[in-house]
Each structure stands twice: as structure tokens, then as C-alpha cells.
Amino acid sequence: MSPFSIPKAVTRTAIALFVLWAASFALSYVHLGAASLLVALAIAALKAALVVMFFMELVGEGLSMKLTLAAAGGLLAVLVGLMVADVATREPPPLLPPTTREAHAPPR
Amino acid sequence: MQFSRACATGVAHNTKYLGTLNTGVLLLSSALAAIAVHALRDGHARLAARLVGGTVALGLAFLAVKAVEYGEHFDEGIYPGGVGRYFVEHRARGLSEFWTLYYGMTALHALHVTIGVVVLGVLAIRIVRGRLGREVAYRLEIGALYWHLVDVVWIFLWPLFYLA
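The listed protein sequences correspond, in order, to chains E and S. Okay, so the first sequence: first residue is 1 according to my numbering, each after it adds one. Okay, so the second sequence: first residue is 1 according to my numbering, each after it adds one.
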């Protein structure tokens, strides 16, 4: 039996994942303000894409399989996006109905 | 935004090093699982069994670190649902929601890690006993796919609860 050698794609993916892991950790000490979460999530998305494409071997699958996963990911993004938009626009909490807003207004 | 402020406070208070260590542990375990699938396909059953065993060991290490992490939070009086002395001393709006989400999502993830450890453990034993070889390597492939999915979920939980 021929000796086993690790496929290059797996080795390169593993190295890339650990580089991104270290980069994400290092960037958490850089003050990026409101962009810090977006940057961290963008790196996470890149890492997830690497795992899905090369560890889960989606790269070798047909277009139908890729589209199925993209649709599922897109739906998840829409649901999470709507939830974030809901929370982000609730200011000042809690929302009061218009009829009771005046009753709760601070005295002038 | 009060929720984002509370979220930042919660993240700053979280056990960043333990969360980061656990991310590295899961990434390494995923790499071992991916290599194990290739090894079994090539007929190197003994090597595949060792690699799957390594994945299981790393999964158990992840759960151990998670237990230490929860223990530290309990010592500080942080419990789900805004219960504990931490929430008496820190009254900012949204902190209770942050920590409840933290416990809910990480505990659900840990439950899936536990399931993965059991599944991969059974597969490793079957490889060692010669009941899972290169002809049916797809069975290990399915177990590894599940493990990678658990890894992908943690890849997003890590920045949300420990970094940003």
C-alpha cells in the first residue's frame, strides 16, 4: 500500500484557518469602533467558506448542490438581518404607542 | 443604542482567552477529521482511526474548557435569565439578554459537540474493529460533515460573544 500523504488542499485550508484565527484575535485589540463586529464577522464568513468548500468538499460538488447551500445561507442572512434591523431601530426603548407618548414625556 | 453598549460590556467581561483557545481546538479537530476521511478512502484504516480518536479527544477538551468557563461565570454570579449578584452590581439594560443568549447558544452548541463526540467515537471503534473500511468510507464522511458543521457554527459564535 502506498504511503498516505495529506491532500494539499486540506493542508492549505488548515493553515489559512489558523492564520485567520490569529488575525481575528489580533484585530480584537485594535479599536475599529462600530466596524469591529463587521470585520470579525467577515473573517468568520471567510473561515466558514473555507471549511465548507474544502473540509466539507463542496468545491467538488455540482452547481445544484452549491445553489442549495447558497439559498439556505441567503435565507439565514435575511432572517438575521431583519432581526438586527429590528433591534437596531428600537430607540428609545421601550417603544410607546403614540397615545401614551405624551403621558410619558418628561416634564418641561 | 443600549443593546449594543450592553453587548460590548458583556463581550469585554467574557473569558476571551478560553473562547479563543476553544476556537483553535475546534479548528484543529476539523482538520484532523478532514484528513481522517482521506486516509480511510485511501485504505489507511489504522491512521484514520487515530485521527478520528484525536478529533474526539479535542472535542472532549473543548467541553472541558467550556466547563471551566461556565464555572468562572458562576463564581462571578452570572447565571442565565439575569440571575445572580453580577446583575445587582451591573444594571445596564441588555446585560441580562446578552448573558442569557450567551448561555443559550453556547450550551446548545456544546450539546451538539457532545453528540459529535459520541458519533465520531462510535465510528472510530468501528474502524478499529474492521467494520468500517474504505468501501464504506462515506459513513465516516457523513460523521465528519456533521463535525464540520458544528465547527462552522462556533466560528460565528466566537466573534459574537468573545471578540467584537
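C-beta atoms are modelled at their ideal positions from N, C-alpha and C, and glycine is treated no differently. Quick caveat: nothing in here was measured; it's all calculated off a predicted structure.
- CA-to-CA, the gap between Ile142/S and Gly116/S works out to about 11 Å.
- Distance from the Cα of Gly54/S is smallest, within the candidate group Ala64/S, Ala34/S, Lys66/S and Ser29/S, for Ser29/S.
- Looking only at His73/S, Ala137/S, Ala92/S and Leu95/S, the smallest Cα-Cα distance to Gly19/S is reached by His73/S.
- Note: Tyr79/S is bridge-paired with Val83/S in the DSSP secondary-structure output.
- Chain E has a Cβ within less than 8 Å of the Cβ of Ser30/S.
- Within the stretch 7-43 of chain S, complete alpha helix (DSSP H) segments of at least 4 residues are found at 16-41, given in chain order.
- Distance from the Cα of Met53/E is smallest, within the candidate group Val10/E, Arg90/E and Leu37/E, for Val10/E.
- Chain-order list of chain S residues neighbouring Leu17/E: Leu27, by C-beta distance under 7 Å.
- Pairwise C-beta distances place the stretch 90-97 of chain S in contact with the stretch 6-14 of chain S, as three or more of them are shorter than 8 Å.
- At a cut-off of 8 Å between beta carbons, Ser24/E contacts chain S.
- In the three-state DSSP reduction, Val117/S falls in the helix class (H, G or I).
- Contacts between Ser36/E and chain S, judged by CB atoms closer than 7 Å, involve Ala164 in chain order.
- Around Phe87/S, the same chain offers Leu95 and Ser96 as residues with beta carbons nearer than 7 Å, after the five sequence neighbours per side are excluded.
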